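In this note's numbering, the protein residues as written are 336 to 570.
Please read the structure below before turning to the comments.
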Amino acid sequence: MLISDFEIIKYDELDSTQDEVYRLWRQNHKSKIVVLAKHQTAGRGRNKKVWESPEGSLYFSMLLHSHDLDNFFTEQLFLPLVVGLSLLELLKNISVNCLIKWPNDIIYEDKKLAGVLCEKKDDAYIVGVGINVMTAPIDSAISLSKILKADMPKLDHLLTSFLEVFLRRLNCTNKFEIQKELNSFLYGKNEKAFFGNELVFIQGIADDGGLIILNGEKSVTLYSGEKVTLIRKLL
């Protein structure tokens, strides 16, 4: 796939880029599309959590079709993690080094800089991305403007650069190499954490995108985004 294969639709304001892509999909929109909004009035993340979306940051969603993706990209958690790796590469290119917090957050120095939402609709995937560019809406988040202070990239440039990186990564068919890269950038790897009330050890990311934790002597793989809290975050 190439950037030129995508129709990019821009709005000043939307309820949610994710919902707009869904509406277009319901209208049998067959082409690959990217919907971009300057401001969202009802942005959301995983589990219907509110995603604060003030103007000045980057919010977009993509419509992808299963036939355009290698089989392992369609596994439950692999696609959003590859989106996360693409964001890491994009940010590294502007000297911002981050980690992936499983399953869908991009972390800079323990604070959330970006998030990913991936939803499956029959044979299609709607992938949403939000990057805090000018502002960080909550205390546990951070913005690019606070990190970089100057030489801020334009939103259009960030979008184009992301698409270039992401589409190149979709052409990678070496699942082992992707898993290896994910584990090298996993936030909290080899650290103790709480899973509910239980003390666990974060081991890494499985070959299907699940999070492997060690609970006592038992290895468990998580899939549904259960909350795992690093102990050092509680100190």
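Here a beta-carbon is modelled for each residue, glycine too, at the ideal position from N, C-alpha and C.
Since the model is a prediction, treat every value here as computed from it, not as a measurement.
For the set E342, G419, I429, L426, the Cα lying nearest the Cα of K436 is the one of G419. Look at F520 here: in three-state DSSP terms it is coil, with no helix or strand label. Beta-bridge partners of V464 (DSSP): F395, V451. At a Cβ-Cβ threshold of 8 Å, L505 and F408 count as neighbours. Under the three-state reduction of DSSP output, I482 falls in the helix class.
Residues of the same chain with a CB within less than 7 Å of the CB of K345, apart from the 5 flanking positions on each side, are L371 in chain order. Taken through DSSP and simplified to helix, strand or coil, D491 comes out as helix. Pairing L398 with C453, the inter-Cα distance amounts to about 10 Å. H374 is bridged by DSSP to E348. Under DSSP, the beta-bridge partners assigned to I547 are G539, T556.
Here H364 carries a coil assignment [DSSP, helix/strand/coil].
The three-state reading of DSSP puts V431 in coil, since its state is none of H, G, I, E or B.
For I540, same chain residues with a beta-carbon under 8 Å away, outside a window of 5 residues either side, are L416, W437, Q514, L517, N518, L521, L546, I547 in chain order. Annotation for K527: the continuous beta strand (DSSP E) segment containing it runs 527 to 530.
Apart from the 5 residues on each side of it in sequence, E444 sits with its Cβ closer than 8 Å to the Cβ of I477 in its chain, given in chain order. The alpha carbon of K446 has as its nearest neighbour, out of D458, C433, K456, the alpha carbon of C433. About 43 Å separates the beta carbons of V468 and G551, which is beyond the 8 Å limit, so they are not a contact pair. Of the candidates L549, Q353, I441, the residue whose Cα lies closest to the Cα of K455 is Q353.
Residue K427 holds the alpha-carbon nearest to the alpha-carbon of P488 among R358, K427, S559. Judged by DSSP secondary structure, I441 falls within the beta strand (DSSP E) whose first and last residues are 440 to 443. Counting the other Cβ atoms within 10 Å of the Cβ of D347 gives fewer than 16, which makes it exposed. Each residue's CA atom was taken as its position, placing L493 and L422 some 10 Å apart.
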